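Below is one structure, written out as structure tokens, with a few remarks after it.
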Amino acid sequence: MGGVMPKFLISSFFMWAVPLAILFAFNNNLLPGIDNMSPHSLTIVSGFLAVISVNVVIVFYIYMAMKEPSDKHEPDPKFLAEAKASVSKPTSESLKKEE
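Numbering (the numbering used here), first residue to last: 972 to 1070.
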């Protein structure tokens, strides 16, 4: 579990930073060839690329999660026993229905 949190934080940072960098680059004419675009087209293209960049980061995060070995994640036996006990324990609603 030690590698999960850094991956999540890095992915979250890139989901925030990459779209802002794309929008900043388009709005400040930092990319070559966008000087000739109309403001409407500039807004559409920069917004579209920002959304695509977030999806790319999400896909990369899912890929990294799928690459982790599945045998490494074993449930805690104490938690598992408590969960099974809580599922089989009757609730007050089920007792009322039986009466």
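Backbone N, C-alpha and C fix where the C-beta goes; we use that ideal spot for every residue, glycine too. Note that the structure is predicted; figures quoted are calculated from it, not measured.
Rounded separation between residue i and residue j - CA only
i: leucine 1001; j: serine 1012; result: 16 Å
i: phenylalanine 985; j: valine 1028; result: 7 Å
i: proline 1003; j: alanine 1021; result: 17 Å
i: glycine 974; j: alanine 1036; result: 10 Å
i: leucine 994; j: isoleucine 1023; result: 12 Å
Within-8 Å CB hit, residue i to chain D
i: valine 975; result: Considering every chain present, this structure includes no chain D. It has just one protein chain.
Limits of the unbroken alpha helix (DSSP H) element including residue i
i: methionine 1073; result: The question about residue 1073 has no answer, for the chain in this structure spans 972 to 1070.
i: glutamate 1053; result: 1048–1059
i: asparagine 998; result: 975–998
Cβ-based neighbour list, residue i, same chain, cut-off 8 Å, excluding 5 preceding and 5 following
i: serine 1059; result: none
i: valine 1025; result: Met986, Val989, Pro990
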